[in-house]
């Protein structure tokens, strides 16, 4: 199948060092996410907030992650003249980060302003993540999508792993302020570093592109768009245990803050391995079997939390690492599905819509259900089992989507053949028509020659 104009531009503008830039951005984001994972612990231990309330407040702080579609809409449609349509939003994210990251740890008691500052901090990460995701869709050719996802999620895992251990040390020896200043500085630097991506040109002389709601209306009328949305909601709720893990370790184990940070490190190391391996193999292996295997493994490891003795720290860390590995592979596969169904001019908007829904499922739906069920069941080990229900349910829409995707690809492969056949038929008709016209002209010329010959003969006879 010949590449489309969109794919041709991707191939032309692609630079291999973009993979390194993507890795650095997500490395910094991973460090930032490690600090965000510890927010409930910070609220519990430093601000005196109850554990269920801390998870609820965390879900409020994470509101910017629920509206990633808005960032996609803006960066897809509204540009700032020569500055483009992606980079200005990354700059805004950087300045929001300066406010949020360097103000939040200064609070000594909880008040509503803490939530506002926390939202700024979260918006820095979410906005930059959304726009960099859109950049990835814009610039990544087909052959590098698996690598881009793998490097991104792997980088995030590596950043979270390093930060988890180091932040635990920093909190124990220096305090909570430094634990937010350091990852905050990295995150702001990563935002400005993302400005090195080359933004694709849409059209010559275009400065501001107005919203074309017909594009969005057309996409959201498609059945497949809503099935992807359902899959993302269920899959997001299925991985909600990662939003409650720090609270679980803080409340139900004897781990210190440093020990919890080490637990975050083991989780993130596993996530790095899982995301990198599945991200790379995802381009080589069938999508559906990979998703099903990941789901079965995830359900199994969540179930094992019931029987793992929490007093055995080594075994607990091992299980945490396995959870991270399986989660990394699952999320890489989930994001791959989102990318496959996000193409064309509003690709960034669609992709961020899917990510928004996944975040709602993870933080606003799954995490709150787990927190509330803990009140009833008495332990996070039991309430986390509800995540397995969502993971299994997500397989149903995924099966339909992957089969439909195969059908679409077969159809796209057949279209060029049909076009070639039509072109050949057209050429044949043109040739036949040309031959007919030439033959007709020859027939018209022959009688004239005969008539001229007869005239000469008649003249000779008369003589």
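Residue numbers (our numbering): 624 to 1086.
Each residue gets a CB set at the ideal place from its N, CA and C atoms; glycine is no exception.
Here the structure is a predicted model, which is why all the values come from computation and not from measurement.
| Item | Value |
| --- | --- |
| Near residue 685, what residues of its chain come up, given a Cβ to Cβ distance below 6 Å and the 5 sequence neighbours on each side ignored? | 745, 986 |
| Considering only C-alpha positions, which residue in the set 681, 671, 1018, 665 is nearest to residue 858? | 1018 |
| Residue 963 lies in the alpha helix (DSSP H); which residues open and close that run? | 936-963 |
| Excluding the five sequence neighbours on either side, which residues of its own chain have a C-beta within less than 7 Å of the C-beta of residue 837, listed in chain order? | none |
| Which first and last residues belong to the alpha helix (DSSP H) in which residue 917 is found? | 910-927 |
| Tell me which residues share the same chain as residue 697 and place their Cβ nearer than 7 Å to its Cβ, disregarding the 5 neighbours each side in the sequence. | 712 |
| Please list the segments of the alpha helix (DSSP H) lying wholly inside the region 852-906, counting only runs of 4 or more residues, in order along the chain. | 864-875, 880-904 |
| Short check: CB of residue 894 to CB of residue 947, under 8 Å? | yes |
| Run the CB neighbour count on residue 954, radius 10 Å, all protein chains shown included, and call it buried at 16 or more, exposed below. | buried |
| I need the straight-line Cα distance from residue 673 to residue 916, nearest angstrom please. | 37 Å |
| Apart from the five residues just before and just after residue 853, which ones in its own chain have a Cβ nearer than 7 Å to its Cβ? | 1020 |
| Considering only residues of the same chain and omitting the five flanking positions on each side of residue 707, which have a CB-CB separation below 8 Å? | 822 |
| Assign residue 646 to one of three DSSP states: helix, strand, or coil. | helix |
| Does the region 925-945 come into contact with the region 714-726, if we say contact requires no fewer than three beta-carbon pairs (one atom in each stretch) closer than 8 Å? | no |
| Buried or exposed: residue 799, going by 16 or more other Cβ atoms within 10 Å of its Cβ? | buried |
| Determine, using beta-carbon pairs with one atom in the region 727-737 and one in the region 955-975, whether at least three such pairs fall under 8 Å. | no |
| Are the beta-carbon atoms belonging to residue 863 and residue 787 less than 8 Å from one another? | no |
| So, at 6 Å on beta carbons, what are the nonlocal neighbours of residue 988 in its own chain, with the 5 sequence-adjacent residues on each side left out? | 860 |
| Please state the DSSP three-state secondary structure of residue 728. | helix |
| Please report the distance separating the alpha-carbon of residue 731 from that of residue 877. | 25 Å |
| Thinking C-alpha only, which one of 1003, 889, 794, 801 is nearest residue 781? | 889 |
| Between residue 775 and residue 649, how many whole angstroms is the CB-CB distance? I'm expecting something under 8 Å. | 5 Å |
| Is residue 688 buried or exposed, if buried means 16 or more other CB atoms sit within 10 Å of its CB? | buried |
| Let me know the alpha helix (DSSP H) ranges lying completely inside the region 680-749, each 4 residues or longer, listed in chain order. | 686-689, 691-700, 710-724 |
| For residue 1007, which of helix, strand or coil comes out of DSSP? | coil |
| Is residue 806 helix, strand or coil when you go by DSSP? | helix |
| Nearest to residue 974 by alpha carbon, out of 789, 849, 991? | 849 |
| Determine the DSSP secondary structure at residue 637, reduced to helix, strand or coil. | coil |
| Within 10 angstroms of the Cβ of residue 828, are there 16 or more other Cβ atoms? Answer buried if so, exposed if not. | Here the model assigns residue 828 a pLDDT of 46, short of 50, so the residue's position is not dependable and the matter cannot be decided. |
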